[in-house]
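Numbering (the working numbering), first residue to last: 8 to 135.
We treat Cβ as the ideally placed atom computed from N, Cα and C, and that holds for glycine.
Fair warning: this is a prediction, and the values are worked out from it, not measured in the lab.
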């Protein structure tokens, strides 16, 4: 008989079962931004290179690594992004990051066919 502001209907013992399926749009992921941006001139000597895509991505093989002036950097995939940590770069120096073509795909295995190459310069050494 008495109405309350928290009145409602409760449903229990309902189970939904299904198999997960990934929708295949037939389109490869698109690189929408990178950090640092190509041509940046004030990049930190320690940090991460981040590649941001328009959809969730994965590596086509666990063996892929990026290179930063010939030195190997390991990718970490998280959702729409791939990050590569680095440290100990020289100040006021030009660097080029590369990642091979055909190494990235979306979750439906549509392959990003371009190689990634980002040239940047580290910042000048801070004066204390």
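Item: Residue 133 classed as buried or exposed, judged by whether at least 16 other C-beta atoms fall within 10 angstroms; Value: exposed
Item: Nearest to residue 35 (by Cα), restricted to the options 118, 129, 128 and 123; Value: 118
Item: Chain C within 8 Å of residue 37, Cβ atoms only; Value: The displayed structure is made up of one protein chain only, and chain C is not part of it.
Item: Exposed unless 16 or more other CB atoms sit within 10 angstroms - verdict on residue 113; Value: buried
Item: Spatial neighbours of residue 108 in its chain, beta-carbon cut-off 7 Å, leaving aside the 5 residues before and after; Value: 120, 121 and 122
Item: From 29, 103 and 39, residue whose alpha carbon lies closest to that of residue 73; Value: 103
Item: Length of the line joining the Cα atoms of residue 23 and residue 76; Value: 51 Å
Item: Rounded C-alpha distance that separates residue 81 from residue 39; Value: 21 Å
Item: Three-state class that DSSP yields for residue 54 in the structure shown; Value: strand
Item: Exposure label - residue 83; buried when at least 16 CB within 10 Å; Value: exposed
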